[in-house]
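Chain order of the listed sequences is A and B. Going letter by letter, the first sequence gives residues 0 to 232 in numbering that gives the first Met the number 0. Going letter by letter, the second sequence gives residues 0 to 158 in numbering that gives the first Met the number 0. Where is the CB? At the ideal position from N, CA and C, for every residue including glycine. Some notes on the structure that comes next.
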Amino acid sequence: MKRNMIRQFLKENRKGQIFLVCAVIMTIYMLSFINIVYELNRTQYTEELEINEFQAAFDNFRTETDAYVITMLANFSQPASIIDSDTTAGLILQDWLDFAEDQMLEKGYIAVFEIDELIPGVQPVELINANGLVSFRGDIDVYMECNYMSIVTQLSYDIGYTLTYTNTATNAIIDFYVDTTLEINYIGYAQVTVNAGPTVDLFNGTYIYSAPLVGGDVVVGISIEQVIVTLTI
Amino acid sequence: MLIQSGVIYMAPVLKLRIQRKRRGQLFLIEVFIALSVLILLMIAIYQVEFSSDETYPDNLSEIGYNTLEALNQAGTLKPLVYNLQTTELTNILDNALAENVFWRLSVEDDTGTNIFSLYWERTPPADASVGVVDYFLFGYDTILNQYRVIHLELWRLVG
Numbered sequence: 000m001k002r003n004m005i006r007q008f009l010k011e012n013r014k015g016q017i018f019l020v021c022a023v024i025m026t027i028y029m030l031s032f033i034n035i036v037y038e039l040n041r042t043q044y045t046e047e048l049e050i051n052e053f054q055a056a057f058d059n060f061r062t063e064t065d066a067y068v069i070t071m072l073a074n075f076s077q078p079a080s081i082i083d084s085d086t087t088a089g090l091i092l093q094d095w096l097d098f099a100e101d102q103m104l105e106k107g108y109i110a111v112f113e114i115d116e117l118i119p120g121v122q123p124v125e126l127i128n129a130n131g132l133v134s135f136r137g138d139i140d141v142y143m144e145c146n147y148m149s150i151v152t153q154l155s156y157d158i159g160y161t162l163t164y165t166n167t168a169t170n171a172i173i174d175f176y177v178d179t180t181l182e183i184n185y186i187g188y189a190q191v192t193v194n195a196g197p198t199v200d201l202f203n204g205t206y207i208y209s210a211p212l213v214g215g216d217v218v219v220g221i222s223i224e225q226v227i228v229t230l231t232i
Numbered sequence: 000m001l002i003q004s005g006v007i008y009m010a011p012v013l014k015l016r017i018q019r020k021r022r023g024q025l026f027l028i029e030v031f032i033a034l035s036v037l038i039l040l041m042i043a044i045y046q047v048e049f050s051s052d053e054t055y056p057d058n059l060s061e062i063g064y065n066t067l068e069a070l071n072q073a074g075t076l077k078p079l080v081y082n083l084q085t086t087e088l089t090n091i092l093d094n095a096l097a098e099n100v101f102w103r104l105s106v107e108d109d110t111g112t113n114i115f116s117l118y119w120e121r122t123p124p125a126d127a128s129v130g131v132v133d134y135f136l137f138g139y140d141t142i143l144n145q146y147r148v149i150h151l152e153l154w155r156l157v158g
């Protein structure tokens, strides 16, 4: 009897208040939910942004190091080169890697860039300037770390600029190409001369000289990157 | 009369039946409305422009990096930086970046000595989200170890 009276009382008088309390609880719940979604989205966005910046920094390093190696090769192939040995080349390359390391540290990343020497303590990298060939071989160990990810890899270089020729009855077909670990790129739009005389550029890495090459002829190829390759017949 | 009396007699029963039937339907409609509101709310949350929040980071640094990287890949950046072609560099960056993105730039060597600055008199508003890029270069042409660090700051004029 008493219970029924209470029920009746609640039904009649407190229905609105109960509804109000429920509405407040629901509102708080919804606001918390919105906040959680917002925070999750925000955290995810911040993480994504930092990862993008981190990868951009690595890309900057890789782009410049790739270009650095080619420039080093170009410098090495020039008559007045500052690179006189593989050890000097190693020191110059390591200087660049140290500079890149400092840049990464300034950005707040942990970075270790080291040459993985071909023969430890003897030959850090290998530069060759031979007849018809200018090449570079070397490996760089890369370790980078930010709050959300790390990059552990090795940049491996084996690049060779090469000049070859084939004599025909009336002329000589000279090929100028760069050979990497991944592919062979034929170098068009370069400057190829025979005994300082011009050749006809077919723009696909093939150059035609007006006569067959004979002993003592000197073929010089200069790529867009200023890598000079000399081939003495 | 019989029918009339029948109708008169049956009316409250029918009303009750309809009410009972409709109560379920009404409840169902309510549920649908509530679910629709929830879904709309969820969509609205994901579509909110968070950039209006001052502390929320913008992707300006990414835009700045992509611009410098594209110029470097195209072989345009180094000649301008190493030959101190500041007017050309200013024009090229003005054209590459959106009109509502303000920027300023300084170029330093490896010791931190300033080589030149562009638009350095510009100061980002205190409440602006500023994107910062430090892009480094090793040298130009066959020159090695002439390092340069391009420090680029970007912020939006509006929003």
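- With its beta carbon less than 7 Å from one in chain A, D109/B belongs to the interface.
- What I33/A touches in chain B, judged by beta-carbon distance under 7 Å, is I44, going in chain order.
- Note on geometry: alpha-carbon atoms of E107/B and N90/B lie some 20 Å from one another.
- V151/A places its beta carbon less than 7 Å from that of Y142/A.
- E144/A: member of the beta strand (DSSP E) spanning L132 to E144, first to last residue.
- Rounded to whole angstroms, the separation of the alpha carbons of I227/A and V213/A is 21 Å.
- Per DSSP, the continuous alpha helix (DSSP H) segment holding S60/B begins and ends at L59 to Q72.
- Cβ proximity to chain B below 7 Å picks out N51, E52, A55, D58, N59 and T62 from the segment 50–62 of chain A.
- Counting the other CB atoms within 10 Å of its CB gives N146/A a total below 16, which places it among the exposed residues.
- By the C-beta density criterion, E63/A is buried, having at least 16 other C-beta atoms within 10 angstroms.
- DSSP, read as helix, strand or coil, puts L90/A in helix.
- Neighbours of T169/A across chain B, judged by C-beta separation under 7 Å, do not exist; the nearest C-beta is about 37 Å away.
- Rounded to whole angstroms, the gap between the alpha carbons of Q102/A and F135/B is 8 Å.
- For the segment 108–129 of chain B, the residues whose beta carbon sits under 8 Å from a beta carbon of chain A are, in order, D109.
- Annotated as proximal: Y146/B and F98/A, with beta-carbon spacing under 7 Å.
- Contact between the segment 195–207 of chain A and the segment 160–177 of chain A is present: three or more C-beta pairs spanning the two stretches fall below 8 Å.
- Non-local beta-carbon contacts of F75/A in its own chain, meaning distances under 8 Å to residues more than five positions away in sequence, involve I82, A88, L126, N128, V133 and F135 in chain order.
- Going by DSSP, I91/B is part of the alpha helix (DSSP H) stretching over T85 to A95.
- Residues of the segment 137–153 of chain B with a C-beta atom less than 9 Å from some C-beta of chain A are F137, G138, Y139, D140, T141, I142, L143, N144, Y146 and V148, listed in chain order.
- In this structure Y139/B touches Y81/B by the C-beta definition: roughly 4 Å separates them, less than 8 Å.
- At least 7 Å separates the beta-carbon of N166/A from that of P119/A.
- Interface criterion not met: the Cβ of F75/A is under 7 Å from no Cβ in chain B.
- Y81/B does not reach chain A, its nearest Cβ partner there being about 12 Å away, counting only Cβ pairs nearer than 8 Å.
- F31/B is outside the set of residues whose beta carbon lies under 7 Å from a beta carbon in chain A.
- Chain order gives the chain B residues near M71/A as L143, where near means a beta carbon separation below 7 Å.
- T161/A is bridged by DSSP to L132/A and Y176/A.
- With a threshold of 7 Å between beta carbons, F135/B makes contact with chain A.
- Under the three-state reduction of DSSP, A110/A is assigned to strand.
- Annotation: V131/B to Q225/A spans about 34 Å, alpha carbon to alpha carbon.
- Judged by DSSP in its simplified three-state form, I149/B adopts strand.
- Listed by position along chain B, the residues whose Cβ is nearer than 7 Å to that of F98/A are D109 and Y146.
- The three-state secondary structure of G23/B, taken from DSSP, is helix.
- For L79/B, there is no enclosing beta strand (DSSP E); the enclosing alpha helix (DSSP H) has its first and last residue at L76 to Y81.
- Annotation: Cβ neighbours of L48/A in chain B (cutoff 8 Å, chain order): P56, N58, S60 and E61.
- Within chain A, the C-beta atoms nearer than 9 Å to that of E68/B come from A55, D58, N59 and T62, in chain order.
- Counting along the chain, the unbroken beta strand (DSSP E) around F115/B starts and ends at N113 to L117.
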